[in-house]
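Below you'll find the structure, written out as structure tokens, and then a few comments.
2 protein chains.
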Amino acid sequence: MASPKVEQNRAAKIAAIKQQARTLVAERGAASLSLREVARVMEQTSSALYRYFPNRDVLLTALIVDAYNDLGAVAEASVAASIGHPPLDRLVALACAIREWARSNMHEYALIFGTPIPNYVAPEATIAPAARIPCAFAATLGSATPPHRDFGPGGLPSGTLDLDALSVVLGDLDPDATARALLIWSSVFGLLTFELFGHFVGSVENAETFFRHAVADLGIQFGLEA
Amino acid sequence: MASPKVEQNRAAKIAAIKQQARTLVAERGAASLSLREVARVMEQTSSALYRYFPNRDVLLTALIVDAYNDLGAVAEASVAASIGHPPLDRLVALACAIREWARSNMHEYALIFGTPIPNYVAPEATIAPAARIPCAFAATLGSATPPHRDFGPGGLPSGTLDLDALSVVLGDLDPDATARALLIWSSVFGLLTFELFGHFVGSVENAETFFRHAVADLGIQFGLEA
DNA sequence: AGAAAAAGAGAGCACTGCTCTTGACGTGCT
DNA sequence: AGCACGTCAAGAGCAGTGCTCTCTTTTTCT
């Protein structure tokens, strides 16, 4: 059944298709990714590609998983490289690493964090790679053991977060600190998306400086110290 | 030239097309909006619609401007309704009003804040309606005259923001307060987008409670008081 | 009522995702 | 060696898209 040679050829072919699709996504965006065009660039018939990917969405899913893993690796590398540094610096470094990746991989960023593709539901396989980024935030924030402060007036009511699921990924922060970690990641995402998607043109002159200070400001609120 | 009757018919027709397109966008998303389908629903030929919109992007732009104005009106209404209330409550109310609009107009929200459409540049006409939302934030934050605090370590270097352009919209906040207002709007956007685009599934159980507390937390950092 | 202007219809081009059939190739088993 | 099987590529074809062109109908204005 599983002859070694064909298996190998098949894997190589799949990798080649994905690589080609990646460059097309980078050039014209994910929405207009066309199997025919991939085939044309590879000097093949479009129908041939359907042997490797049953439909366009499966190819898209493969790209999404790869993007999550790529960004996740960058985030984790930043966290690893900043061990021993002050917690606030670690947070800023992590955010900046994510920002750099996003800036040089705009379309892949849009692919995973942009508008969901209609009639496309992210399969199970994407949630594990997707968790690597918030996990990286937890690694820097969790190392700081910040002083407990209420999250919003009166603190967060129990039942707001799914603490059972979160503790697996984010470790043993208390609920309010966990909430604030999620808020920081959301805010970093918001800043980054506004910058990348052009909502800052005309207001923010130096996007990097603004970004660094904004993230640091959030970190200070969280209780991190330089 | 400008005959009164034809002008009127034309405006009515354009409105009808936009309305039809809006419902299609709400049903299947902006990416798959097709002029042919709009025509089909209106029991017309697709080519007839080209008399009113020279291409699909122009129709899309019209929908974008409408969405900005719709959301802007909601935001301004919230600001007007909360005059005299404590600043922190005003901020939370504004954020919640935006959230409600976003939840019941998912696809229009995605249209204006989601992944930019490839090969589509937002024309001049969109920036004025787009400014209404940050302007609404400024109206609530500006009324509070929060105590000055550095934005990030050492405060924001001059030249980071385009203060000339911002002061027109956001009024006379000092640079650090202006930066923090931008940060709050970015964060609200980030929270909202994560919720709407499904990045909170499995971690945030009660999205509204989390959202309210997160916004309030940001407001407290800004210096607002309840 | 008749001329002018606007709107609509329909065919057509080039493109898309996707399916189905047909023929060729390489591999492994007898 | 020969045969059968699984894999692969090609091509035709369906239904859909944006958009343009020409031609006809309707509406409006004088």
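Keeping their order, the protein sequence lines are chains A and B.
Residue numbers for the first sequence, in this note's numbering: 14 to 239.
Residue numbers for the second sequence, in this note's numbering: 14 to 239.
Glycine included, every Cβ here is placed at the ideal spot set by N, Cα and C.
The beta-bridge partner set that DSSP reports for Leu174 (chain B) consists of A:Val217.
Residue environment: Ser47 (chain B) is assigned as exposed (fewer than 16 neighbouring CB atoms within 10 Å of its CB, all protein chains considered).
For the pair Gly203 (chain B) and Ser216 (chain A), the CB atoms are not nearer than the 8 angstroms cut-off. Just measuring C-alpha positions, the residue of A:Arg53, A:Ile130, A:Arg116, A:Asp189 sitting nearest Arg41 (chain B) is A:Ile130. Approximately 20 angstroms separates the beta-carbon atoms of Leu101 (chain A) and Ala220 (chain A); this is outside 8 angstroms, ruling out the contact.
Restricting attention to A:Leu154, A:Leu76, A:Arg64, the CA atom closest to the CA of Pro136 (chain A) is found in A:Leu76. Using beta-carbon distances, Arg103 (chain A) does not count as an interface residue toward chain B, since no partner is under 8 angstroms. Shown here, Gln33 (chain B) sits in a helix according to DSSP, grouped into three states. Beyond the five residues adjoining it in sequence on each side, Glu50 (chain A) comes within less than 7 angstroms, by CB distance, of Leu37 in the same chain, given in chain order.
Under the three-pair Cβ rule at 8 angstroms, the segment 141-159 of chain B counts as touching the segment 70-87 of chain B. Exposed is the label assigned to Asp177 (chain A), since fewer than 16 other Cβ atoms lie within 10 Å of its Cβ. Using a Cβ-Cβ distance cut-off of 8 angstroms, the segment 55-65 of chain B and the segment 91-101 of chain B are not in contact, since fewer than three pairs of beta carbons, one from each stretch, lie closer than that value. Membership of Glu208 (chain B) in the alpha helix (DSSP H) is indicated by the continuous run 188-209.
In the DSSP assignment, Ile140 (chain A) falls within the unbroken alpha helix (DSSP H) covering 140-143. A direct Cα-to-Cα measurement between Val54 (chain A) and Phe223 (chain A) gives close to 41 angstroms. The C-beta of Ile197 (chain B) has 16 or more other C-beta atoms within 10 Å across all chains shown, which makes the residue buried.
In terms of Cα proximity to Leu231 (chain A), the closest of B:Asp70, B:Gly127, B:Leu73, B:Ala194 is B:Ala194.
Between Asp163 (chain A) and the set B:Thr173, B:Ile233, B:Arg64, the nearest pair of CA atoms involves B:Ile233. Not a single C-beta of chain A is nearer than 8 angstroms to the C-beta of Gly236 (chain B).
Gly203 (chain B) reaches chain A at Leu196, Trp198, Ser199, Ser200, Val201, Phe202, Gly203, Leu204, Leu205, Thr206, Phe207, counting residues in chain order whose Cβ is nearer than 9 angstroms. Within the segment 153-175 of chain B, Phe164, Gly165, Pro166, Leu169, Pro170, Gly172, Thr173, Leu174, Asp175 place their CB atoms closer than 7 angstroms to a CB of chain A, listed in sequence order.
Boundaries of the alpha helix (DSSP H) around Met119 (chain B): 119-126. Remark: C-beta atoms of His161 (chain B) and Asp187 (chain B) approach each other more closely than 8 angstroms. In the three-state DSSP reduction, Ala151 (chain B) falls in the helix class (H, G or I). Taking 8 angstroms as the cut-off, the beta carbon of Thr206 (chain A) is found no closer than this to the beta carbon of Thr191 (chain B).
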